[in-house]
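Enquirer: Take this structure first; my questions come after.
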Amino acid sequence: MNTLFESETRTATLEEHVPYWHETYDVVVIGAGFAGLTAAIEAHNAGASVVVIEKMKAPGGNSIISDGGIAAAGTSMQEKAGIADSAELMYSDMLKAGMGLNHPALVREVATHSTEAFLWSRDYLGVPYMDRIDQFGGHTVPRCYTAENVSGSTIIRCQVAKLRELDVEMRTQTMLKGLIRDASGTVCGVAVRDGYNHKSPHSGTDRFIKATRGVILATGGFGADVSFRTAQDPRLSEEIDTTNTPFATAEALIEALRIQAMPVHLSHIQLGPWASPDEKGFGDGPRFADYIVFQYGLIVSPTTSARIVNELADRKTVADAILEVGRPCIGIADSKAVEQSGWSIDRGIEKGVVKVFSSLSELGSHYGLDNAALASTVERFNGFVEAKADAEFGKPIISEAGPLTNPPFFAMRLWPKVHHTMGGVQINASAQVIDLKGYPTGGLYAAGEATGGVHGACRLGSCAITDCLVFGRIAGRSAATEKP
Ligand SMILES: Cc1cc2nc3c(=O)[nH]c(=O)nc-3n(C[C@H](O)[C@H](O)[C@H](O)COP(=O)(O)OP(=O)(O)OC[C@H]3O[C@@H](n4cnc5c(N)ncnc54)[C@H](O)[C@@H]3O)c2cc1C
């Protein structure tokens, strides 16, 4: 046990109480997800010596288990596909979903630099993307590009390879314990636990690393931290499953708050409406629900067999509508929709999360629906699809969608899970962490899910990766150029 940490945490956060610095870098990046790895690459390329600190055995965080879908507005691929899009449209979509709580300057930054960040990942990092553009709820047009294998691991692998190529050091099993400030209040280093092992949290030894230019907090969200998240939203108890890794916890955020970083939107915690209660974690159901049901199909209430919402609305709207019903709702699509989407749902079917039915009435009986009501709901919905106008909920009917008339029919139960924490520390457009008095905290930067304000009340699908890359790049450059 190191007394500086265990019993004198407050004094250990001042440089004068650090016995000696074990080592010195220009920039110390905390967290090896999309945001941290991006920041490290950019800080190195801006001339700084950099080390990345990661508490787990391997880099990746939530990023590596993500679907790897990134939003970018106004790309040449969209132009080729005849999709008219712009940074302005993406900005207004994000603000609308965020219910206007988003900090406009941050949203502007993300939307304006979305294409640049996407192309940087593709052309500089070498991330391979699939040849398709998807439209998720709340986006006015298709603008999501998906990394090959539908996995964030494709992006992480390229980021790690780039760091190796650049000879940037990454240290795993090293946990941030404290942010250390000098007499002027500037963050000048970190206290870490070297050899950290989550199974035995007191394992390892303490170490002090000096950061002459800046520390970048890229420690992700706190979706798996039941105690911290229920303090923000008491409804999100351990009964509610999460799509996050178990290590998406709040200790680094708490440390930033302790040195007076401004908290923003901590109680805005997103539930993924495309999740299934029939599997743990993120699972395989969301592929079917998000990419097929929400885009081509419909969601019905198990009580009324009627639709409940615009299936292509933002996640909050759809999740709230399902929770309002109070029981898992049923997402439905047909074989044509699956074929049109181009996605494989085999894994969901093999797992039994997605079910296959030869007729709508077989589907209805399986879920205990009123078959006559279901038939009329689907018939009415098909009419809207054919008319390309949803008179009931105003769902934008995507151009390739057709009526659901082609068996087999596919369905899954939908029940929201904790997915994304929109809140975190406040940053400005230079990724500087803002303090409780509204001033930048010298030497401290943040990017990605550790920050609050970009997404307001609701993050749109595929906008988190854009946020991580745009602000990761800004944080890396800002920290590298801070005066030592
Ligand atoms: C299942 C799933 C699918 C998703 N799919 C998409 C998608 O397709 N598109 C999209 O835009 N968004 C998606 N998201 C959201 C997106 O993946 C995340 O918001 C994003 O990856 C967060 O990146 P980050 O770098 O901020 O944090 P993370 O990737 O979580 O990285 C943070 C890192 O910091 C480390 N860390 C935390 N605390 C400490 C500490 N005290 N000391 C040292 N290290 C620490 C963590 O271990 C972790 O490795 C998805 C999320 C999930 C869970």
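Under the numbering used here, read the sequence shown as residues 1434 to 1917, first letter to last.
Here a beta-carbon is modelled for each residue, glycine too, at the ideal position from N, C-alpha and C.
Bear in mind the structure is a predicted one, so any value in this text is a computation, not a measurement.
#1: Could you tell me if I1687 is buried or exposed, where buried requires 16 or more neighbouring beta carbons within 10 angstroms of its beta carbon?
#2: I think L1756 touches E1744, with their Cβ atoms under 8 Å apart; what is that distance to the nearest whole Å?
#3: When the Cα of G1764 is compared with those of C1896, R1846, T1508 and I1497, which residue comes out closest?
#4: I'd like to know if the segment 1834-1852 and the segment 1723-1737 are in contact, where contact means that at least 3 CB-CB pairs between them fall below 8 Å.
#5: Any heavy atom of ligand 1 within a distance shorter than 7 Å of the CB on K1838?
#6: Can you name, in chain order, every residue of its own chain whose Cβ lies under 7 Å from the Cβ of V1771, other than the five neighbours on each side?
#7: Identify which residue in F1467, G1647 and P1761 has its Cα closest to the Cα of I1588.
#8: Contact defined as beta carbons within less than 8 Å: I believe A1664 pairs with T1678. What is the distance between those atoms, to the nearest angstrom?
#9: Please work out which residues of its chain come closer than 7 Å, Cβ to Cβ, to N1435, disregarding the five sequence neighbours upstream and downstream, and give them in chain order.
#10: L1558 to S1584, Cα distance in whole Å?
#11: Write down the C-beta distance between F1641 and G1622 rounded to the nearest angstrom, noting that I regard them as a contact closer than 8 Å.
#12: For P1667, count neighbouring Cβ atoms within 10 angstroms of its own Cβ and tell me buried if that reaches 16, exposed if not.
#13: Using a Cβ-based criterion (distance less than 7 Å to any ligand heavy atom), does T1676 qualify as near ligand 1?
#14: Just confirm the distance between the C-beta atoms of C1577 and D1567, as a whole number of angstroms; I'd bet it's less than 8 Å.
#15: Residues in the same chain with beta-carbon distance under 6 Å from N1804, minus the five sequence neighbours each way, listed in chain order, please.
#16: Is V1787 helix, strand or coil when you go by DSSP?
#17: Expressed to the nearest angstrom, what Euclidean distance is found between the alpha-carbon atoms of A1883 and G1654?
#18: What are the start and end residues of the alpha helix (DSSP H) that includes F1661?
#19: Is it buried or exposed for S1547, if we count other Cβ within 10 angstroms and need 16 for buried?
#20: Any idea which residues DSSP pairs Q1865 with across the strands?
#21: Identify every run of the alpha helix (DSSP H) within the segment 1533-1592, keeping only runs that are complete inside it and at least 4 residues long; order them along the chain.
#22: If K1610 and R1626 are in contact, beta carbons under 8 Å, what's the gap, nearest whole angstrom?
#23: According to the Cβ coordinates, are H1698 and G1886 closer than 8 Å?
#24: On the DSSP letters alone, give me the boundaries of the beta strand (DSSP E) that Y1458 sits inside.
#25: Answer with buried or exposed for K1916, where buried requires no fewer than 16 other C-beta atoms within 10 angstroms of its C-beta.
#26: Take K1529 as the anchor and find which of G1889, A1912, Q1865 and A1520 has the nearest alpha-carbon.
#27: Are there 16 or more other CB atoms within 10 angstroms of the CB of E1672, so buried, or fewer, so exposed?
#28: Classify E1475 as buried or exposed, calling it buried when 16 or more other Cβ atoms lie within 10 Å of its own Cβ.
#29: At a cut-off of 7 Å, would you count C1896 as near ligand 1, judging by its Cβ distance to the nearest heavy atom?
#30: Looking at K1595 and ligand 1, is the gap between the Cβ and the nearest heavy atom below 7 Å?
#31: Check G1515 in the structure and name its three-state DSSP category.
#32: Answer with buried or exposed for H1852, where buried requires no fewer than 16 other C-beta atoms within 10 angstroms of its C-beta.
#33: Could you check the C-alpha separation between V1620 and G1501 for me, to the nearest Å?
#34: Given that a residue counts as buried once 16 or more other Cβ atoms are within 10 Å of its Cβ, and exposed if not, what is G1785?
#35: Hey, how far is the Cα of V1811 from the Cα of L1837?
#36: So, is L1599 buried or exposed, given that buried needs 16 or more other C-beta atoms within 10 angstroms?
Expert: Judging by the given coordinates:
#1: For the purposes of this step, residue 1687 is taken as the residue at position 254 of the sequence shown. Result: exposed.
#2: Here the question's residue 1756 lines up with position 323 in the sequence shown. Here the question's residue 1744 lines up with position 311 in the sequence shown. Between E1744 and L1756 the Cβ distance is about 15 Å, and since that is not below 8 Å, they are no contact.
#3: Taking the first residue of the sequence shown as position 1, residue 1764 is located at position 331. Ranking the options by Cα distance to G1764, first place goes to R1846.
#4: yes
#5: For the purposes of this step, residue 1838 is taken as the residue at position 405 of the sequence shown. Strictly speaking, residue 1838 in this sequence is Thr, with Lys absent from that position. Flag unset: Cβ of T1838 not near ligand 1.
#6: Reading the sequence shown from its first residue, position 338 is the one you call residue 1771. Answer for V1771: I1725, I1778 and F1843, listed in chain order.
#7: Counted from its first residue, the sequence shown places residue 1588 at position 155. Among F1467, G1647 and P1761, the Cα nearest to that of I1588 belongs to F1467.
#8: As a first step, residue 1664 must be located in the sequence shown, where it is residue number 231. As a first step, residue 1678 must be located in the sequence shown, where it is residue number 245. That belief does not hold up - the Cβ atoms of A1664 and T1678 are roughly 20 Å apart, past 8 Å.
#9: Numbered from 1 along the sequence shown, position 2 holds the residue referred to as residue 1435. Caution is warranted here: a pLDDT of 39 is assigned to N1435, below 50, making its placement in the model unreliable, and no coordinate value can be reported.
#10: Along the sequence shown, read from residue 1 onward, the residue named residue 1558 stands at position 125. Along the sequence shown, read from residue 1 onward, the residue named residue 1584 stands at position 151. Whole-angstrom Cα-Cα distance: 16 Å.
#11: Here residue 1641 corresponds to residue number 208 of the sequence shown, with the count starting at 1. Here residue 1622 corresponds to residue number 189 of the sequence shown, with the count starting at 1. 6 Å between Cβ atoms; contact.
#12: Start at 1 with the first residue of the sequence shown, and residue 1667 comes out as number 234. Label assigned to P1667: exposed.
#13: Residue 1676 sits at position 243 when you count from the first residue of the sequence shown. Yes.
#14: In the sequence shown, residue 1577 corresponds to position 144, counting from 1. In the sequence shown, residue 1567 corresponds to position 134, counting from 1. Right, the Cβ-Cβ distance comes to about 4 Å (below 8 Å), so this counts as a contact.
#15: For the purposes of this step, residue 1804 is taken as residue 371 along the sequence shown, with counting starting at 1. The answer, listed in chain order, is S1794 and G1797.
#16: Residue mapping note: residue 1787 aligns to position 354 of the sequence shown, counting from 1. Looking at V1787 - three-state DSSP - the assignment turns out to be coil, as it is neither helix nor strand.
#17: Position 450 of the sequence shown, counting from 1, holds the residue named residue 1883. Position 221 of the sequence shown, counting from 1, holds the residue named residue 1654. One C-alpha to the other measures close to 5 Å.
#18: Taking the first residue of the sequence shown as 1, we reach residue 1661 at position 228. Element bounds for F1661: V1659 to Q1665.
#19: By 1-based counting over the sequence shown, the position of residue 1547 is 114. So S1547 ends up on the buried side.
#20: In the sequence shown, counting from the first residue as 1, residue 1865 sits at position 432. Its beta-bridge partners are Y1878.
#21: 1537-1545 and 1547-1552
#22: In the sequence shown, residue 1610 corresponds to position 177, counting from 1. In the sequence shown, residue 1626 corresponds to position 193, counting from 1. About 5 Å; that satisfies the 8 Å criterion.
#23: Position 265 of the sequence shown, counted from the start, is the residue given in the question as residue 1698. Position 453 of the sequence shown, counted from the start, is the residue given in the question as residue 1886. A contact, by the Cβ cut-off of 8 Å.
#24: Start at 1 with the first residue of the sequence shown, and residue 1458 comes out as number 25. Where Y1458 is concerned, the enclosing beta strand (DSSP E) stretches over E1456 to I1463.
#25: As a position in the sequence shown, residue 1916 is number 483, starting the count at 1. When all chains shown are included, K1916 counts as exposed.
#26: Against the sequence shown, residue 1529 aligns to sequence position 96. K1529 has its Cα closest to that of G1889, out of G1889, A1912, Q1865 and A1520.
#27: Here residue 1672 refers to the residue found at position 239 when the sequence shown is read from its first residue. Burial call: exposed.
#28: Taking the sequence shown and counting its residues from 1, the one referred to as residue 1475 is at position 42. The residue in question, E1475, is buried, as its Cβ has 16 or more Cβ neighbours within 10 Å.
#29: Locating residue 1896 in the sequence shown gives position 463, counting from the first residue. Yes, the Cβ of C1896 comes within 7 Å of a heavy atom of ligand 1.
#30: The count along the sequence shown starts at 1 and reaches residue 1595 at position 162. Every heavy atom of ligand 1 is 7 Å or more from the Cβ of K1595, so no.
#31: Here residue 1515 is taken as the residue at index 82 of the sequence shown, counted from 1. Coil at G1515, not helix or strand.
#32: The residue labelled residue 1852 in the question sits at position 419 within the sequence shown. That one is buried.
#33: Within the sequence shown, the letter at position 187 stands for residue 1620. Within the sequence shown, the letter at position 68 stands for residue 1501. Each residue's Cα considered, the two are about 33 Å apart.
#34: Indexing the sequence shown from 1 puts residue 1785 at position 352. Its Cβ having fewer than 16 others within 10 Å, G1785 is exposed.
#35: Walking along the sequence shown from the start, residue 1811 turns up at place 378. Walking along the sequence shown from the start, residue 1837 turns up at place 404. Straight-line Cα distance between these residues: approximately 7 Å.
#36: Here residue 1599 corresponds to residue number 166 of the sequence shown, with the count starting at 1. Under this definition L1599 is an exposed residue.
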